[in-house]
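So the sequence shown is numbered by our numbering: it starts at 12 and just counts up by one.
By construction, the Cβ of each residue, glycine as well, lies at the ideal position given by its N, Cα and C atoms.
Report on the structure given below.
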Amino acid sequence: MDSTSAEANALSGGDSDSDGRWVNRTDSVDQTLKLGQILGQLVTPGTVLALSGNLGAGKTHFTQGIAMGLGIERKLVNSPTFALIQEYSGRLPVFHFDTYRLRSVDEFLELGFDEYLAAQGVCIIEWGDRVIEVLPADRLTIRISVESDCLRRFDWQSGGVSSGHTLAKLKAAWAE
Ligand SMILES: Nc1ncnc2c1ncn2[C@@H]1O[C@H](COP(=O)(O)OP(=O)(O)O)[C@@H](O)[C@H]1O
Ligand SMILES: [Mg+2]
12 MDSTSAEANA LSGGDSDSDG RWVNRTDSVD QTLKLGQILG QLVTPGTVLA
62 LSGNLGAGKT HFTQGIAMGL GIERKLVNSP TFALIQEYSG RLPVFHFDTY
112 RLRSVDEFLE LGFDEYLAAQ GVCIIEWGDR VIEVLPADRL TIRISVESDC
162 LRRFDWQSGG VSSGHTLAKL KAAWAE
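Laid out in structure tokens, this is it:
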């Protein structure tokens, strides 16, 4: 599918082509929480979610939804801008990173990213684009863009078999 027809499909409510991409939108915080919640119910051990998007795009609210879907209290989840990494325990352990204040990819690795990755939980990385080169290829990359006050566009990309399955399940669940 070329980008023009992909765009037309996206505008008609969210669609995808076969290369592991998807576009959808939310028009409220509640809908973003719901999208996250559905994803949180689907994720499998070792899932890596790289979130990007400007300050205020909705990365943290989306993460709160994911946590809710894993049975974690929403209020526990804030931007770990100062802590750099926060852990929550739910159906799976969640490791929530925010790389905004990191100066290098090495600092990210020094937080122990490889060990968190090996812990078979869910790694959620806000500003994941800043450390993309050390993230596994089989991840979901999610770019959130502000389209207007309450409208957010989510651009999804899966990079492997496992993330592709998760994305396919999410698309089906979102359409229900
Ligand atoms: N559809 C939406 N989804 C998520 N947040 C939204 C939406 N519409 C408005 N907002 C607002 O956008 C902001 C998102 O903040 P936050 O999740 O902290 O973003 P980030 O972590 O990307 O900096 C909040 O003030 C929230 O109320
Ligand atoms: Mg944030």
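Distance cut-off 6 Å: residue i Cβ against heavy atoms of ligand 2
i	result
residue 70	yes
residue 90	yes
residue 195	Any property of residue 195 remains undetermined from this structure, which presents the chain solely from 12 to 187.
residue 137	yes
Cβ neighbours of residue i in the same chain (closer than 8 Å, five flanking residues each side left out)
i	result
residue 75	44, 47, 85 and 88
residue 146	59, 61, 136 and 139
residue 144	116
Beta-carbon contacts of residue i that lie in its chain and below 7 Å, excluding the five residues immediately before and after
i	result
residue 178	31, 33, 151, 167 and 169
Supposed contact pair residue j and residue i - C-beta distance, whole angstroms, cut 8 Å
i	j	result
residue 105	residue 142	Going by Cβ atoms, the distance from residue 105 to residue 142 rounds to 18 Å, so no, they are not a contact pair.
residue 103	residue 122	Actually they do not touch by this definition, with Cβ atoms about 19 Å apart.
Contact test: residue i Cβ vs ligand 1 heavy atom, cutoff 6 Å
i	result
residue 63	no
residue 188	Since the displayed the chain opens at 12 and closes at 187, residue 188 lies outside it and no answer follows.
residue 55	no
residue 164	no
Same chain, Cβ closer than 6 Å to residue i, neighbours up to 5 away in sequence not counted
i	result
residue 171	148 and 149
residue 83	99 and 101
residue 164	36, 156 and 158
### Task
Ignoring anything shorter than 4 residues or poking outside the segment 17 to 91, list the alpha helix (DSSP H) runs there in chain order.
Correct list: 40 to 53 and 70 to 80.
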